[in-house]
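Heads up: the structure comes next, in structure tokens.
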Amino acid sequence: MTPAPSDRALQDDVIRALADAPYRGSAEWRARRLADPERVERYGRFLARHFYYERLVHFFKYSRALARVTGRRPEAILRRPGFDALLPTAVLGSRGTARAVARLAVEYVSEADAPIPYLADLLRYEEAMMVVEAGPRKWRDSDGAGGAGSRERYPPEKVEGTLLLEFAFDLPAVLPKLLQPWTELPPAPVRPTKLLVARSPQGRVAVARSDAAVAAVVQLADGKRTLAELAAGAGLQASELEETLKGLVDLGAVRFSTGS
Amino acid sequence: MRDTELMVGAFYNPHLGAELANADGIDHLAMADPPAATDPWWPAIRERYTLLLHDYLGQLSEPLDERSIARARALAELYGSPWVAEHFQCLHTVDGAYNLNYVFPPLYTEEFLARFVANAKALKARLDQPLVMENIPGFFDVKASQMPEPAWLRCFFEATGVGFLLDLPHVWLQAHYRDVDPERWLAEFPLERVVELHVAGVEHDDDLKGPWIAPAEPSDEMLDFMAHAVSRCPQAKAVTFDAFSPSLAADVLFRSVERMRRAL
Chain A
7 MTPAPSDRAL QDDVIRALAD APYRGSAEWR ARRLADPERV ERYGRFLARH
57 FYYERLVHFF KYSRALARVT GRRPEAILRR PGFDALLPTA VLGSRGTARA
107 VARLAVEYVS EADAPIPYLA DLLRYEEAMM VVEAGPRKWR DSDGAGGAGS
157 RERYPPEKVE GTLLLEFAFD LPAVLPKLLQ PWTELPPAPV RPTKLLVARS
207 PQGRVAVARS DAAVAAVVQL ADGKRTLAEL AAGAGLQASE LEETLKGLVD
257 LGAVRFSTGS
Chain B
13 MRDTELMVGA FYNPHLGAEL ANADGIDHLA MADPPAATDP WWPAIRERYT
63 LLLHDYLGQL SEPLDERSIA RARALAELYG SPWVAEHFQC LHTVDGAYNL
113 NYVFPPLYTE EFLARFVANA KALKARLDQP LVMENIPGFF DVKASQMPEP
163 AWLRCFFEAT GVGFLLDLPH VWLQAHYRDV DPERWLAEFP LERVVELHVA
213 GVEHDDDLKG PWIAPAEPSD EMLDFMAHAV SRCPQAKAVT FDAFSPSLAA
263 DVLFRSVERM RRAL
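Protein chains in written order, with our numbering: chain A, 7 to 266; chain B, 13 to 276.
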């Protein structure tokens with residue numbers, strides 16, 4: 007006889023049904039008969055719109071501040087057919103759904119063809135932020151194992167989802183200005199800029215400027231190469247590599263593998 | 013008979029910082045998020061208002077970890093908050109794979125009651141201010157629940173001695189979707205434990221095909237409901253217009269608080 011699931015497990019099942027539209031439509035969920043399926047479906051759709059409203063307002067805040075030039079607020083996509091079409095396959099918090107929703111916002115704002123030279127770079131940056139933030143997260147310090155404690159024994163590896171982006175404009179120079187009061191569009195210097203976007207296990211997204219050495223470390227850190235191999239590949243001294251790795255671990259871009 | 017004067021306030025909405033920094037007629041502001049480092053109005057807001065900590069601290073179906081407790085303590089100290097609020101919510105799965113990012117109630121069972129009682133007691137013991145807990149609406153019943161929400165809440169408050177943050181639109185919505193009279197449903201709750209009340213507007217939602225909480229003015233019916241509820245909450249110290257959204261307009265916030273004050 008199978009033991010009855012705990013109440014906590016039942017609660018997780020309800021949460022999953024609300025967050026995961028394909029599961030909500032599955033025979034497995036429906037057979038449980040835990041709640042009125044029509045009500046659960048309605049609430050799941052409501053939650054999806056709320057979930058992505060919060061993320062669009064947060065991650066697309068710069069193009070939102072530019073709405074008086076573009077005439078388009080990114081979150082308007084939530085009431086358009088493209089978003090409705092996503093709902094049957096949406097999984098709240100998944101990278102795939104984040105990518106699909108962010109793409110809708112990018113396309114919608116881009117269509118305005120506004121005279122903002124750096125708009126394409128900006129939208130790509132915002133899209134990356136939203137996609138990197140997605141994925142399972144550690145809610146409590148005691149959840150899961152791992153971390154950077156074992157760096158003496160195991161080689162470093164890039165954290166899944168970390169992105170290294172190249173832009174034609176120096177976006178960090180203009181971003182804060184967009185959120186301040188302005189009458190004339192703040193300009194962005196034309197300057198090739200590399201940015202690293204990463205996420206901590208708790209879901210905090212961080213961005214840092216990157217140079218060739220940092221980019222090389224991120225690209226080479228595959229969990230197999232030794233510190234010596236990384237230093238050689240990136241052209242860094244051991245002490246420089248140690249410093250670079252410390253920054254990348256703090257950012258959430260690199261972790262020390264557990265050897266498993 | 014109430015022994016203290018009621019404070020009437022709202023939530024701090026940073027996009028309305030300029031207006032709130034210079035406003036009259038608002039006694040307190042509830043803080044749903046920590047102030048942004050770039051918020052030019054924060055120093056004036058902090059100087060001017062009683063601030064209530066109303067952030068997401070964690071879900072008490074699990075014990076809060078040290079980092080969350082330290083964060084709660086630091087925010088309560090920063091705000092000088094007279095009490096610390098959390099919600100009766102369980103919105104992410106144990107493994108962290110799914111997260112609703114929206115308040116969602118636990119199953120009303122003995123197992124969840126034991127979890128919330130133990131974890132609220134542990135949090136309360138680590139805070140320098142009283143803890144208050146807010147009721148959360150459910151849009152549907154889960155068949156695994158074992159008791160009505162008001163009975164579950166009563167057991168919780170009796171076991172912990174924690175204060176009750178009574179969200180009135182949540183009660184009103186529960187009554188609406190159960191097709192019962194809101195005042196009759198309200199009477200089931202442990203009103204003698206109420207420290208703070210939340211009031212807000214409700215609007216039709218196309219997905220739900222019915223009313224839900226919205227950053228809108230409370231209706232006259234909701235204000236009457238508030239006056240009725242306050243008259244039955246002898247320990248209540250504050251009533252808060254519960255709207256926190258980038259889409260909230262300044263005139264809606266100020267008119268709502270003014271109408272709430274007049275209705276009390």
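Beta carbons are placed, not taken as given, at the ideal position from N, Cα and C, and that holds for glycine.
Through-space distance from residue j to residue i, alpha-carbon basis
i	j	result
Phe-152(B)	Val-46(A)	7 Å
Arg-61(A)	Met-136(A)	7 Å
Pro-75(B)	Arg-85(B)	15 Å
Leu-257(A)	Asn-34(B)	39 Å
Val-129(B)	Glu-122(B)	10 Å
Leu-28(B)	Ile-38(B)	13 Å
Leu-265(B)	Ala-22(B)	7 Å
Lys-276(A)	Glu-113(A)	A question about residue 276(A) goes unanswered here, because the residues of chain A that appear run from 7 up to 266.
Ala-261(B)	Phe-175(A)	34 Å
Glu-44(A)	Ala-88(B)	41 Å
Gly-88(A)	Val-255(A)	37 Å
Ala-187(B)	Ser-73(B)	25 Å
Val-203(A)	Ala-27(A)	28 Å
Leu-171(A)	Ala-106(A)	19 Å
Glu-233(B)	Met-272(B)	12 Å
Val-213(A)	Leu-16(A)	38 Å
Ser-93(B)	Ala-73(A)	37 Å
Arg-109(A)	Arg-78(A)	15 Å
Glu-31(B)	Glu-248(A)	49 Å
Arg-127(B)	Ala-91(A)	39 Å
Val-211(A)	Arg-166(B)	40 Å
Residues that residue i contacts on chain A, provided the C-beta gap is smaller than 8 Å
i	result
Asp-179(B)	None at all; the shortest Cβ gap to chain A is about 17 Å.
Lys-155(B)	Arg-39, Leu-40 and Ala-41
Ser-73(B)	Arg-14 and Gln-17
CB-CB length for residue i against residue j, believed under 8 Å
i	j	result
Phe-65(A)	Glu-117(A)	Rounded, the Cβ-Cβ distance is 19 Å, inconsistent with contact.
Ser-268(B)	Pro-230(B)	6 Å
Ala-97(B)	Leu-180(B)	Ala-97(B) to Leu-180(B), Cβ: 15 Å. No contact.
Leu-103(B)	Asn-111(B)	7 Å
Asp-67(B)	Met-43(B)	7 Å
Ser-69(A)	Val-115(A)	5 Å
Cβ neighbour criterion (16 or more within 10 Å) applied to residue i
i	result
Ser-216(A)	buried
Ala-237(A)	buried
Leu-276(B)	exposed
Trp-184(B)	buried
Val-2(A)	Lying before the first or after the last residue shown, residue 2(A) is absent from chain A, which here runs from 7 to 266.
Thr-232(A)	exposed
Pro-162(A)	buried
Pro-194(B)	buried
Gln-225(A)	exposed
Pro-207(A)	buried
Lys-164(A)	buried
Ser-245(A)	exposed
Ala-33(A)	exposed
Glu-208(B)	buried
Ala-151(A)	A caution first: Ala-151(A) carries a pLDDT of 43, below 50, which makes its placement in the model too unreliable to give a value.
Thr-189(A)	exposed
Ser-12(A)	exposed
Gln-243(A)	exposed
Val-192(B)	exposed
Ala-199(B)	exposed
Any non-hydrogen atom of the ligand COA closer than 8 Å to residue i Cβ
i	result
Arg-127(B)	For the ligand COA, the structure offers nothing, since it holds no ligand at all.
Partners in chain A for residue i, counting only beta-carbon separations shorter than 7 Å
i	result
Cys-102(B)	Gln-17
Asp-67(B)	What Asp-67(B) touches in chain A: nothing, since even the nearest Cβ is about 15 Å away.
Asp-219(B)	Arg-48, Arg-51, Phe-52 and Arg-55
Phe-152(B)	Ala-41, Asp-42, Arg-45, Val-46 and Tyr-49
Under 8 Å by beta carbon: chain B residues contacting residue i
i	result
Ala-25(A)	Tyr-110, Asn-111 and Leu-112
Glu-166(A)	Ordered by position in chain B, no residue passes the 8 Å Cβ test against Glu-166(A), which lies about 14 Å from the chain.
Leu-98(A)	Tyr-110, Asn-111, Leu-112 and Asn-113
Under 9 Å by beta carbon: chain A residues contacting residue i
i	result
Glu-59(B)	Under the 9 Å cutoff, chain A gives no residues; its nearest Cβ is about 22 Å from Glu-59(B).
Contact list for residue i against chain B, beta-carbon separation under 9 Å
i	result
Ile-285(A)	Past the boundaries of the shown model lies residue 285(A); chain A is included only from 7 to 266, so the question cannot be answered.
| message | By the 8 Å beta-carbon criterion, what residues does the stretch 245-265 of chain B contribute toward chain A? | response | Pro-258
| task | Note down, in chain order, all residues in the stretch 78-110 of chain B with a beta-carbon under 9 Å from any beta-carbon belonging to chain A. | result | Glu-78, Arg-79, Ser-80, Cys-102, Leu-103, His-104, Thr-105, Val-106, Asp-107, Gly-108, Ala-109 and Tyr-110
| request: Determine which residues of the stretch 114-130 of chain B have a Cβ less than 9 Å from any Cβ of chain A, and write them out in chain order. | output: Tyr-114, Phe-116, Pro-118, Leu-119, Thr-121, Glu-122, Glu-123, Phe-124 and Arg-127
| request: Residues of the stretch 24-51 of chain B with a CB closer than 8 Å to any CB of chain A: list them in chain order, please. | output: Hits within the stretch, in order: Thr-50.
| task | Identify each residue in the stretch 131-146 of chain A for which the Cβ-Cβ distance to at least one residue of chain B is less than 8 Å, and report them in chain order. | result | Pro-142, Arg-143, Lys-144, Trp-145 and Arg-146
| query | Taking a cut of 9 Å between CB atoms, which residues from the stretch 170-186 of chain A lie near chain B? | reply | Pro-182, Leu-185 and Gln-186
| the stretch 59-75 of chain A: positions lying closer than 8 Å to chain B by Cβ | Glu-60 and Val-63
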